Every structure is written in C-alpha cells, then in structure tokens.
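>
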Amino acid sequence: MIFHSRIRYLMLCRNRTYMPEYTVHKPPIDASTDNIKFTKEKLSRIITLHRPAALNALSHDMITSMHQELKRYSKSNGICSIIVRGAETEKVPSFCAGGDVVEKDKGVYEMRKNFFKDEYVLNSFIFNLDIPYISIMDGITMGGGVGVSIHGAIRIATERTVFAMPETSIGFFPDVGGSYFLPKLNGAFGMYLGLTGEKLKGTDVYFANIATHFVPSAYVNDLVTRLSNVESTDVEVFDKIIDEFRGEVDQFSYMPLLPTIEERVQAKTTHSNPIISDWANRTLKQLNEASPTSLAVSFHMLRNPKRTLWESLVREYVVSQNFMKNEDFYEGVKAKLIDKTGKPKWNPSSLKDISIPMVHSYFAGEPISSIDFFGDYVKENYSFYRLGLPKEFDLEQLIQKYSFPGIKDALSVIGRSCVKPGWKVYVEDILKRRTVTRNGKLEWK
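So the sequence shown is numbered by full-length UniProt numbering: it starts at 1 and just counts up by one.
What follows is the structure in structure tokens.
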C-alpha cells in the first residue's frame, strides 16, 4: 500500500532522518516570511535560512522567496556578492538540513509538480548567477541544503560542516543536481557518496572538491564583514580574500581508500589494512540498508560526468516523478519518520531482482526541454570548476600538454600557481595513482 495520506512527510528524509543522533527541539515554527531573511550589508546581500527548530530546512515558500529575491538581485546595480548562510541552531550547527515540505493544505499533485520543479529551477538559477554566490556551509549540509550551496562559485566549509547525499536510504535518489556534480568528483568518489550516503566532515568536504575553501567557524562572522566591503564581482578577488581566513588542513582522510573506491565496492570486507577493512564493512552495511531500486537507478544516473546541469536537472525531475509512484519511497519515509523502526521493507528486496527495463522505466516520462523547464536564462557556466583544489581532469590536461620527466617536476610547476592549503599532498596522491613514467616521460594512465 502506498501511504498517500502521509506524503506531507516527503522531504523530511532530507533533514532529521539523516541525523538520528541529534535531538531537535520543536517549538512553533515562524510564519514562512520569517523563515528566510534577506538583509543588506554594504555591497553584499545576505540570505539567512532561518528555521533553527528544523535545522534550517527549506520549505516550499522559502524556495520560491529565495528565487524571487535572487532574480531581483541579478537585475540590481551595486551588488557585488550574495552570501548564503544558516541561522544559529540550538543543539547542532546547521547550514541547511534539506528540503522540508511539511506544509498544510498541500496536495499530492502540487507536491509532485511544483516543489521539485521550483527547487530545481532555483538550483539552476544559482548556478547561472553572474554575481559571486558564496555559501557558508557551517554545519549540516544535506539534500536540499546541498542544492542551495553546491551550485555557487564559492563554497566554504568549516570544521563543523557535515555533508551528505543520503537519499538512497529512504528510497529516493541524489537529486538537486547530484547527478551533475557527483560524477565530476575525482575518481569514483562521487558514485560512492551518492550510493552510500556517506557523511563527509570538516576538511574532507574541502579535499573532496565539494567546498572551494576551508575556514574555521570562529572566523566566519569577520569573513562576512570583510566580504561585504569588496567592491568587485570577480570571484578570484573573493577567492584570495577568503584564503586570508583559511584554516590549517592536514590531508584527505579518505586518501588511503581511494584506490579501493575506484575499483568499485566489493563484497569482500577483509583486508590486511584495518582502515580499508573498517571502511569496507561500513560501506557494505550502508548499501545493504539502502533501497535496491534507489541504488540501481542512482548508479545509472551517476555514470555520465559530461551532462550539463540543465540536462541533469530535467532528467532528475522526470525520475523524481517516477519515484513518487514507487512504494519504496513511501516505505522508507514510513519506516524512518513515522513508525521509526529504521527497517524499511524494500520491494524488490534485492539488487538481483531488479532488471534493466525496470531501471530504464524511471527515466521514461513526458519529454521536457531545458528551455521549457528553466526559461530563457539557460546557458553554460563554468564557475563551478574555477576555484578550489585542482581537479583530476585539470591535472590530466596538464600532464598531456607538458613533458614532465617525473612527478617531482610536475609538482614543481603546479606549485608556481597553486597556493591552496594542502595542495601538495593532495596533488601528489592523484599523480601517484593516475600516472606512470614511460621512456622518461610522465603519462596519464
């Protein structure tokens, strides 16, 4: 039975469910106009997600209000930056724990059509902004919270950041552009995050290329003040200023695991390295608890890194509507949020029972063009790639262009322009995994 009467719980899967260890105080939530604050701070406009009782989760009204205000900002003169942050929460730091459509008098039709479309259109508009969009991911950043942060040119993590896309655990899939940015992460790391819902914390969010900067939370307010005085719309100007506030970083804690992740998740859970063995056991547990249907569809979605954001979001919209017809989603919401047994009864219950035609059926729907969906502001924007640590494809192009005798020589050249904290260990690890020396020349594998 599909629990249509409980569809109002839809997007709770994107906040409290994913952080069961936290106890959230639930006083009456302010009226929708009070749930998001728009303020002027000199040359900046500050957007504050202001639902502390709900870990700053996004309501439908917040999504539409934010989009309307961003459209107004985009047409105004004298605005040099847009800064998005979460209000202080009582028990646990949170930028935005996800989307939350627990709203009265909202029907199934509107839920399926309007919420997802409005959310995805907002995601694309953020990506398309010419004004620097700076998201301060200080605290929980999940689901819909990822959608209003990841598509900006500047994304700041702190030691309190907890990032995740855990939709497969409730019978859904990594949306809000997840099928766009996850495949672009180094190696198979995006696939790993999308299938398992693994939580990244602190500097790992930076080393994964999800955040472009790492700043200690104690510096955030001073940073916002400094940024609001910047009379420029050049993201590289903001990049250098934010680096003045940067915190100390060590290295990517997942570095020892990357070769294993790139070989894909195996059923084998024993390994001579206890770090890898522990990771394998944890990963297997995460996959076993997720919806097999969600895993199969998500795997299919996350395989192509070449789609544009608009192509990805239109595709996600079609898939989201088909997931609303799937009992797994309602079963996941019921088990996680209503009965709180934590043990959904998935159907099918095993990956071996899912056929290729079943997976393809989730991508079938009324064809929608990007122009029809997003309007006339569809254009390609490459700001997502400009800042942060070098990406693997950047390094591949560099290795193919120049004849480096070895890794040491490549690092010497890269170090002339890359000043990001932690860059050397990070880049050296990639080159060791991805290159080989043949006939005195470094080559990409």
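We treat Cβ as the ideally placed atom computed from N, Cα and C, and that holds for glycine.
The model shown is predicted, which means the values in this text are computed figures rather than measured ones.
1. Between R386 and V237, how many whole angstroms is the CB-CB distance? I'm expecting something under 8 Å.
2. Within its chain, find whatever has a CB closer than 6 Å to the CB of Y22; leave out the 5 residues flanking it on each side and keep chain order.
3. Only counting the same chain, and skipping five residues up and downstream in sequence, which positions put a Cβ closer than 8 Å to that of G78?
4. Using CA coordinates, which residue listed in V148, T437, T39, N35 is at the minimum distance from T225?
5. One question on the structure: do R246 and P390 come within less than 7 Å of each other, judged by their Cβ atoms?
6. Quickly, what does DSSP pair K418 with across the bridge? List them, please.
7. Just verifying my parser: in three-state terms, what is the DSSP assignment at T196?
8. Around the Cβ of A157, are there at least 16 other Cβ atoms within 10 angstroms (buried) or fewer (exposed)?
9. Ignoring anything shorter than 3 residues, give me the beta strand (DSSP E) runs that lie fully in the stretch 183 to 261, in order along the chain.
10. List, from N- to C-terminal side, the alpha helix (DSSP H) runs of 4 residues or more that fit wholly inside the stretch 30 to 96.
11. With a cut-off of 8 Å, do at least 3 Cβ pairs link the stretch 215 to 234 to the stretch 191 to 205?
12. Check A335 in the structure and name its three-state DSSP category.
13. Considering just the uninterrupted stretch of the beta strand (DSSP E) at K441, what are its terminal residues?
14. How is F3 classed by DSSP in three states: helix, strand or coil?
15. Can you check DSSP and say which residues form a bridge with Y133?
16. Measure the beta-carbon distance from N123 to G177 and round it to whole angstroms, keeping in mind my assumption that it falls under 8 Å.
17. Compute the Euclidean distance between the alpha carbons of G196 and C418, then round it to the nearest angstrom.
18. Could you check how far apart the C-beta atoms of M62 and L70 are, in whole angstroms? I think they sit under 8 Å.
19. Classify residue 446 as helix, strand or coil using the three-state DSSP reduction.
20. In chain order, what residues of the same chain have a beta carbon less than 8 Å from the beta carbon of I154, not counting five sequence neighbours either side?
21. Once DSSP output is grouped into helix, strand and coil, what is the label at G99?
22. Apart from the five residues just before and just after N322, which ones in its own chain have a Cβ nearer than 6 Å to its Cβ?
23. Considering only their Cβ atoms, is the gap separating E396 from W444 smaller than 7 Å?
24. Tell me the DSSP secondary structure of I140 in three-state form.
25. Going by beta carbon distance, what residues of the same chain come within less than 8 Å of S32, once the five residues before and after it are set aside?
26. What is the DSSP secondary structure of R438, counted as helix, strand or coil?
27. Thinking just about the alpha-carbon of each residue, which of R315, S403, I36 is nearest to the one in E366?
28. Assess, as a yes-or-no matter, whether the stretch 318 to 336 is touched by the stretch 289 to 309 under the definition of 3 or more beta carbon pairs within less than 8 Å.
29. For D429 and T437, what's the separation of their Cα atoms in angstroms?
30. Does the pairing of the stretch 276 to 285 with the stretch 342 to 353 give three or more beta-carbon distances under 8 Å?
31. Using beta-carbon positions only, say whether L257 and I140 come within less than 7 Å of one another.
32. Can you give me the C-alpha to C-alpha distance between P28 and S355, rounded to a whole angstrom?
33. Excluding the five sequence neighbours on either side, which residues of its own chain have a C-beta within less than 8 Å of the C-beta of L182, listed in chain order?
34. Can you name the start and end residues of the beta strand (DSSP E) that V319 belongs to?
35. Just verifying my parser: in three-state terms, what is the DSSP assignment at H163?
36. Does the separation of the CB atoms of M137 and F95 fall below 7 Å?
Taking the coordinates as given:
1. With 8 Å as the limit, R386 and V237 do not qualify as a contact, their Cβ atoms being about 12 Å apart.
2. Residue placement at Y22 cannot be trusted, given a pLDDT of 30 that sits under 50; what the coordinates show is reported in the next sentence. Taken in chain order, the residues that qualify are V92.
3. L43
4. T39
5. no
6. This sequence places Cys at residue 418; Lys is not what is there. Answer is none; C418 lacks a bridge partner.
7. helix
8. buried
9. none
10. 60 to 74
11. no
12. helix
13. 441 to 444
14. Unreliable positioning characterises F3 in this predicted model, as indicated by a pLDDT of 35, which lies under 50. A coordinate reading is not provided.
15. I82
16. 5 Å
17. In the sequence under discussion, the amino acid at residue 196 is Thr, which differs from the Gly named in the question. Computed Cα separation, rounded: 32 Å.
18. Actually they do not touch by this definition, with Cβ atoms about 12 Å apart.
19. This structure does not reach residue 446, given that the chain is present from 1 up to 445, and the question cannot be answered.
20. P132, Y133, I134, S135, T212, H213, V235, F238, D239, I242, L387
21. strand
22. Y362
23. yes
24. strand
25. Per-residue confidence for S32 stands at a pLDDT of 39, beneath the threshold of 50, marking its modelled position as unreliable; the derived number appears in the next sentence. Contacts found: S59, D61, M62, S65.
26. strand
27. R315
28. yes
29. 15 Å
30. no
31. no
32. Because P28 carries a pLDDT of 37, less than 50, the predicted location of this residue cannot be relied on, and the following value inherits that uncertainty. Looking at the two C-alpha atoms, the distance is approximately 46 Å.
33. M165, P174, G190, M191, L193, G194, L302
34. Taken as a continuous stretch (DSSP letters only), V319 belongs to no beta strand (DSSP E), being part of the alpha helix (DSSP H) at 309 to 323.
35. Before going on, a small fix: residue 163 reads as Phe here, not His. Strand at F163.
36. yes
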